[in-house]
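To start, the structure under review is shown below, and the notes come after it.
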Amino acid sequence: MTLIFAHRGSAGTHPENTMDAFLEAERVGADGIELDVQMTRDGEIVVIHDETVDRTTNGKGYIKDYHFKDLRKLHANYTFKKKLFNKQKVPTLSEVFDWMKGNSLVCNIELKNSIMDYEGMEEKVVRMINKYGYSDRIIISSFNHYSIVACSRLDSSIEIAPLYSTGLYMPWIYARSLGAAAIHPNQKVAPDEIISESIKNGIAVRPYTVNKAHQMKRLFSIGCSAIVTDFPEKAIRKKEELQ
Ligand code: G3P
Ligand code: CA
3 MTLIFAHRGS AGTHPENTMD AFLEAERVGA DGIELDVQMT RDGEIVVIHD
53 ETVDRTTNGK GYIKDYHFKD LRKLHANYTF KKKLFNKQKV PTLSEVFDWM
103 KGNSLVCNIE LKNSIMDYEG MEEKVVRMIN KYGYSDRIII SSFNHYSIVA
153 CSRLDSSIEI APLYSTGLYM PWIYARSLGA AAIHPNQKVA PDEIISESIK
203 NGIAVRPYTV NKAHQMKRLF SIGCSAIVTD FPEKAIRKKE ELQ
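Heads up, the sequence shown is in our numbering, so the first residue is 3 and it goes up one at a time.
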């Protein structure tokens, strides 16, 4: 059965990476959420996609240069197209973890440390996962594969998964070499045979970002492990239609 992970919450319908978006994922019955983390100047792990606050908030500048208390003053859904939502703050990872106590959603944390070298990010994230006892509910992914291996070395019980966006030859072998139990490819570089062969070789496949009905149908039909979508409600409906 293909699981449905809500990308940046439910980013197609709600302001990405905000508590509103995560609540929506829970409301519609998604199996999990995907979120992105960056780190402030004073070491707080915050949930936001870009390295700067410019695109999504009313602020300007790099997150690495912000003190957490100043980042919290920003309007996290400032540029979201639908102005129906109340002002949201940039969430912290621990805030999301607190909310997860009331549900059983899986959380895919994407470490956004391919552009910025956030020193100590892996230790902080792994420590927090351990503190909450969430090692079986978390998947750590990143385009920075050194970083996910570092996480796995800190705690091998936490699942890691490499993200990639150009085709890999026999990715299940690469995944195994990292100690990963899954791969997270862009859906464009995840043809049926690569998905089937990976799953056959014990490696789960969770392509992103699967938003179109025909893409969902393809992945549900071949029994892909999970999809990561901006539209979890639509995906759940599509999946039910096919059952
Ligand atoms: O989970 C994969 C996906 O989130 C990676 O791309 O840019 O949306 O973070 P991006
Ligand atoms: Ca992401």
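Yeah, the Cβ is synthetic: ideal placement off N, Cα and C, and Gly gets one too.
Residue i versus residue j - alpha carbon distance
i, j, result
"His69", "Thr42", "6 Å"
"Ile162", "Gly169", "19 Å"
"His77", "Val55", "10 Å"
"Gly204", "Trp174", "8 Å"
"Leu165", "Ser144", "5 Å"
"Val128", "Cys153", "7 Å"
"Tyr80", "Asp33", "28 Å"
"Ile35", "Ser227", "15 Å"
"Met172", "Cys109", "26 Å"
"Thr4", "Lys241", "8 Å"
"Ala27", "Phe7", "8 Å"
"Gln245", "Ser223", "10 Å"
"Asn213", "Asp232", "6 Å"
"Asp138", "Asn60", "36 Å"
"Lys91", "Lys190", "33 Å"
Whole-number beta carbon distance between residue j and residue i, since they are thought to touch under 8 Å
i, j, result
"Phe99", "Met130", "7 Å"
"Ile47", "Leu95", "4 Å"
"Lys126", "Gly45", "7 Å"
"Ile185", "Val207", "6 Å"
"Ile150", "Ile140", "With 8 Å as the limit, Ile150 and Ile140 do not qualify as a contact, their Cβ atoms being about 12 Å apart."
One or two residues paired with residue i in a DSSP bridge
i, result
"Gln40", "Val48"
"Lys207", "Position check: residue 207 holds Val in this sequence, whereas Lys was assumed. Answer is Ile185, bridged to Val207."
**OP:** Let me have the residue list for ligand 2: C-beta closer than 6 Å to any non-hydrogen atom, ordered along the chain.
**Re:** Glu36, Asp38, Glu112
Subject >> Runs of beta strand (DSSP E) lying entirely within the stretch 141-203, each at least 3 residues, in chain order >> reply: 161-166, 184-187
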